[in-house]
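Reading through the structure tokens given below for one structure.
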Amino acid sequence: MSSPTRVLVLNSGSSSLKYQLLDMRDSSRLAVGLVERIGEQTSRLKHTHVTDGDTREQNGPIADHEAALKAVAGELSRDGLGLDSPELAAIGHRVVHGGMFFTEPTLVDDEVLTEIERLIPVAPLHNPANLTGLRTARSLRPDLPQVAVFDTAFHTTMPESAARYAIDPRIADRHRIRRYGFHGTSHAYVSRETARLLGKDPAEVNVIVLHLGNGASASAVEGGRCVDTSMGLTPLEGLVMGTRSGDLDPAVIFHLERVGGMSTDEIDTLLNKRSGLFGLCGDNDMREIRRRVDAGDEAAKLAFDIYIHRLKKYIGAYYAVLGRVDAVAFTAGVGENAAPVREAAVAGLEGLGLAVDAGLNAVRGDGPRLISPEDARVKVAVVPTDEELEIATQTYALVEKNSH
Ligand code: ADP
């Protein structure tokens, strides 16, 4: 029998489970879906059998991740794609925090689970949900390889000068405080795809990747290796995001506590959930913000300007970190769709060899494309990210390697 070629990718959030089943012979999707509001009365499973274009929905309480995964397995079985299929090669799991320990995709065993559990203090929101997904999938198919693909792994190549904060290293090490970075799967995929778009080997090119979704991060990638990224110990550092503040003077926190009378938890919620674009103008969707800017709304304009100012500072900073830049790549919901953001982010950077062609920037499309003028010294690109495909590719490569 030929070896199995399908990979199920699972992305478990605190109350959601996203999944995709891919066939790695041609990287095609066979099924995709999402379970939302797990643990509530109004849970919903939306499943699409891609081959048939058939979409089904289940509404009603789904108690926990185990029940969610069982419901997903049921839907896959209805399409003849069940977890018991001999064509399933592995399950690839997105795991947010791999600390310094996990530098590459890892076959999951009890020891790996223990280590992911030990990282919960630095990833209290994400790792518990990821662990639940891993444990549940293992209980359903104990014989199947389960691979953890870490959001932090791509950033473990950062030099100490970029990865450390300027605090006493003994205190930092005791509490595992360092800059880990996130969205690594996306930065890895997009930097490689950008090299491909330029017709070059990733080892030859230096790329600044701007992953601008609801969460947002920038990275400096030198010859395929990450040398700096904007998120730090947690995803709060760096760019202005949908609801996160990004960089601020840490003394703002003491001030809010001492003078503002806020508790640590209240400040945590303020900075992670009620700041960024949303905190500035009450909206975190870039489409709505642009609509308001065009209608002359001052708060939306200020939010947009702060967002762009920060982005520009990071482009400049990573230009300096890399010394030579071949391309700047925009990706994720905002980066792929919001032409005004791309235009504003590189406006005035002609001195650095950066420019956007207005005509090319306005063209909408699904594939990777260049939007800089033909003779530009530094290429500006839109490169759609595909984290599920990257997780599936890494998972399949590991399983294939182990089977030979
Ligand atoms: P995440 O994965 O971080 O939740 P995405 O990468 O899907 O986020 O990005 C979601 C964001 O992308 C939305 O909040 C919105 O601001 C932005 N977005 C999506 N489509 C468009 C569009 N057509 N124009 C401008 N912004 C868009």
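Residue numbering for the sequence shown follows this note's numbering, beginning at 3 and increasing consecutively. C-beta atoms are modelled at their ideal positions from N, C-alpha and C, and glycine is treated no differently.
Asked                                                                                                                                                            : Found
Per DSSP, what are the beta-bridge partners of residue 228 in this structure?                                                                                    : 223
Is residue 336 near ligand 1, in the sense that its beta carbon is under 7 Å from a heavy atom of that ligand?                                                   : yes
In terms of alpha-carbon separation, which member of 221, 48 and 179 lies closest to residue 58?                                                                 : 48
Assuming residue 132 contacts residue 95 (C-beta within less than 8 Å), just tell me the rounded distance between them.                                          : 6 Å
Output the distance between the C-alpha atoms of residue 293 and residue 383, rounded to the nearest integer angstrom.                                           : 24 Å
For a test of your reading of the model: does the CB of residue 75 fall under 7 Å from any non-hydrogen atom of ligand 1? Yes or no.                             : no
Taking 7 Å as the cut-off, is the C-beta of residue 248 nearer than that to any heavy atom in ligand 1?                                                          : no
Contact check, residue 228 vs residue 157 under 8 Å by CB: the rounded distance?                                                                                 : 5 Å
Helix, strand or coil, according to DSSP, for residue 24 in the structure here?                                                                                  : strand
Under the assumption that residue 66 contacts residue 93 (Cβ atoms under 8 Å), give the Cβ distance between them as a whole number of angstroms.                 : No, residue 66 and residue 93 are not in contact; Cβ-Cβ is about 18 Å, not under 8 Å.
Could you tell me the boundaries of the alpha helix (DSSP H) in which residue 185 lies?                                                                          : Run containing residue 185: none; DSSP gives neither H nor E here.
Under 7 Å from any heavy atom of ligand 1, does the C-beta of residue 446 make it?                                                                               : The requested residue 446 does not occur in the structure, where the chain is confined to residues 3 to 406.
Excluding five sequence neighbours on each side, which residues of the same chain lie with their C-beta closer than 6 Å to the C-beta of residue 100?            : 152, 154 and 155
Under the three-state reduction of DSSP, which class applies to residue 112: helix, strand or coil?                                                              : helix
Going by the C-beta, is residue 340 closer than 7 Å to any heavy atom of ligand 1?                                                                               : yes
Kindly give me the distance between the Cβ atoms of residue 83 and residue 164, rounded to whole angstroms, as I take these residues to be in contact under 8 Å. : So it is not a contact: roughly 43 Å between Cβ atoms.
For a quick check, are the C-beta atoms of residue 191 and residue 392 less than 8 Å apart?                                                                      : yes
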